[in-house]
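In the working numbering, the protein residues as written are 7 to 531.
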């Protein structure tokens, strides 16, 4: 498959849920009452969290809340540099497998338990225990063992040199949870407010599924206290409803602004719009275990049938850029492979070569949780129809969509083509490619059962490479396979991360990871 070239500190994050503004009143000292003071920030987003256990979060809605409740040993700043968090300093030994972390003292979990080296050991023992079947085990599969040196020193020892170790330790799923709470609640940890405990600046006090999550400032937080006492999230699936709520002042912040409203919001004095380049890309993926999607020529044909530039310019103006590779340009390891231009003649020829000269019928599953997700599927269906592929569209809510990605065997998964947002929260090629395209018997991370022997070999070699130049070459080869030669998906466009906020809300920080942090947010009257 060919393509043409075209030019082309975050400490805690959130993206989740709320619609009704709640104002906190403060009383003056005698005489007339003092002006009403805001102590609650209201954030509305497309869907609820699914779980608040960092070892099991696989969707951005959950990640956004988790990052407000938990800390990692090290983290990203706003420029995507690795900086201290629960670890004050760290180093790797000459063997390139022993990483020593010196931990902060005086840190407590929300349940009152002490954070120390044993808590770190217990966390990685938990996520790496195959019998517990935590979803993020593959992220940490390079870890051999964890050694407690003293109360506040710990060694994390990998089985081999791992070039992406530091960004992996900054991933949300490397967050440290309370071992005591995990032992008490078992598999229910992170599934209710009562069963969630971290060391972050906020603690969760209420979670009513599909209605609201309420966080309150943690008074014993080890860092600087957040200015805002309470952060509330409520899912508003309809984009138009989110915009109306923002304009009316019922919510303070929204994300996923539709293109039909973006220009108007940018002109409104009462609203500030912020935009950053992100790690996120929009794809359509395939069930490679089901014919005809087990034939790479069919995926290539679909890719050539799509007019990406028309989609970007007409459906998503100002919000996205046409994809030029299997990763976004800001990610470490990105290889520019070029835009894939529409070529209907080549699409028909590939279909005929694969044994489908008259096309075939299929179903695209989509969800309004992705911005313009339904409209995008409709455009895809129309463009595929022009080369003989007849498409039905199945619109699902977010919970139903996620249920198809819960480690199903191929015979139990009826999906054929499905929408998917992609973006590695390590901002590194390893996690951007390995879990979602490396051969695996279920679809817990490799959602489409993609399998390519050369890709598997290259990605495993790249994991173990620490030389930056050699690592880049290996990841370039992996991307050539999965983007061009044996496509694991149809990449459409790379996203900007866009946020709208009432102009009185200040010090909101957007990250390229696609999260927004309220740790320093405040109200300016």
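For glycine and all other residues, C-beta sits at the position ideal for the given N, C-alpha and C.
Quiz item: Roughly how many whole angstroms lie between the Cα atoms of residue 273 and residue 247?
Solution: 19 Å
Self-check item: Ranges of the alpha helix (DSSP H) found wholly within the region 249-321, counting only runs of at least 4
Solution: 265-273 and 302-311
Practice problem: Please list, in chain order, all residues of the same chain as residue 301 whose beta carbon is under 6 Å from its beta carbon, the five residues on each side excluded. | Solution: 360
Quiz item: What residue from 157, 282 and 65 has the CA that sits closest to residue 428's CA?
Solution: 65
Exercise. Could you say which of 282, 405 and 46 lies nearest to residue 216 if we only look at CA atoms?
Key: 405
Self-check item: CB-CB length for residue 114 against residue 92, believed under 8 Å
Solution: With a Cβ gap of about 12 Å, residue 114 and residue 92 do not count as contacting.
Quiz item: Just reading off the alpha helix (DSSP H) that residue 354 is part of, what are its end residues?
Solution: 350-359
Self-check item: residue 62 to residue 310 span [Cα, whole Å]
Solution: 36 Å
Exercise. Compute the beta-carbon to beta-carbon distance between residue 357 and residue 363, rounded to the nearest angstrom, for a pair I have assumed lies under 8 Å.
Key: 7 Å
Self-check item: Backbone CA spacing between residue 446 and residue 230 [nearest angstrom]
Solution: 43 Å
Quiz item: What are the residues that DSSP puts in a beta bridge with residue 106?
Solution: 97 and 161
Quiz item: Is it right to say residue 263 is buried, meaning 16 or more other beta carbons lie within 10 angstroms of its own, or is it exposed?
Solution: buried
Exercise. With DSSP as the reference, label residue 29 as helix, strand or coil.
Key: Caution is warranted here: a pLDDT of 25 is assigned to residue 29, below 50, making its placement in the model unreliable, and no coordinate value can be reported.
Quiz item: Just curious, the beta strand (DSSP E) that residue 456 is in, first and last residue?
Solution: No beta strand (DSSP E) holds residue 456; DSSP gives it neither H nor E.
Self-check item: Same chain, Cβ closer than 8 Å to residue 108, neighbours up to 5 away in sequence not counted
Solution: 93, 94, 95, 96, 158 and 159
Quiz item: What is the residue span of the alpha helix (DSSP H) that residue 506 lies within?
Solution: It is not in any alpha helix (DSSP H) - residue 506 instead sits in the beta strand (DSSP E) that spans 495-508.
Quiz prompt | Rounded straight-line distance, which links the Cα of residue 365 to that of residue 385 | solution = 18 Å
Exercise. Report the rounded CA-to-CA distance for residue 32 versus residue 502, giving the unit in angstroms.
Key: At residue 32 the pLDDT is 27, less than 50, meaning the model places this residue with poor confidence; the figure from the coordinates comes in the next sentence. Going by the C-alpha atoms only, they are around 39 Å apart.
Quiz item: If you draw a straight line from the C-alpha of residue 449 to the C-alpha of residue 101, how long is it?
Solution: 35 Å
Quiz prompt | Contact set for residue 528: own chain, Cβ-Cβ below 6 Å, skip 5 residues either direction | solution = 233, 512 and 513
Practice problem: Can you say whether residue 415 is buried or exposed, counting buried as having 16 or more other CB atoms within 10 angstroms of its CB? | Solution: exposed
Quiz item: In the structure shown, what three-state DSSP assignment does residue 228 receive?
Solution: coil
Practice problem: Give me the Cα-Cα distance between residue 266 and residue 181, rounded to the nearest whole angstrom. | Solution: 37 Å
Quiz item: Under the three-state reduction of DSSP, which class applies to residue 481: helix, strand or coil?
Solution: helix
Quiz item: How big is the Cα-Cα spacing for residue 121 and residue 260?
Solution: 34 Å
Exercise. Check each candidate in 270, 124, 307 and 226 and name the one with the smallest Cα separation from residue 116.
Key: 226
Exercise. Examine the Cβ distances between the region 235-246 and the region 469-480 and report whether three or more of them are shorter than 8 Å.
Key: no
Quiz item: DSSP three-state call for residue 370: helix, strand or coil?
Solution: strand
Self-check item: Coarse secondary structure for residue 239, derived from DSSP in three states
Solution: strand
Self-check item: Residues bridged to residue 511 (per DSSP)
Solution: 529
Quiz item: Should residue 270 go down as buried or exposed, given a rule of 16 or more other Cβ atoms within 10 Å for buried?
Solution: exposed
Self-check item: For residue 327, the nearest candidate out of 313, 467 and 498 (CA to CA)
Solution: 498
Practice problem: Determine the closest residue to residue 336 out of 451, 432 and 169, with distance taken between C-alpha atoms. | Solution: 432
Quiz item: Can you tell which of 391, 329, 351 and 350 has its C-alpha closest to the C-alpha of residue 344?
Solution: 329
Exercise. For my contact list, residue 74 and residue 221 are in at a C-beta cut-off of 8 Å; report their separation, rounded to the angstrom.
Key: 6 Å
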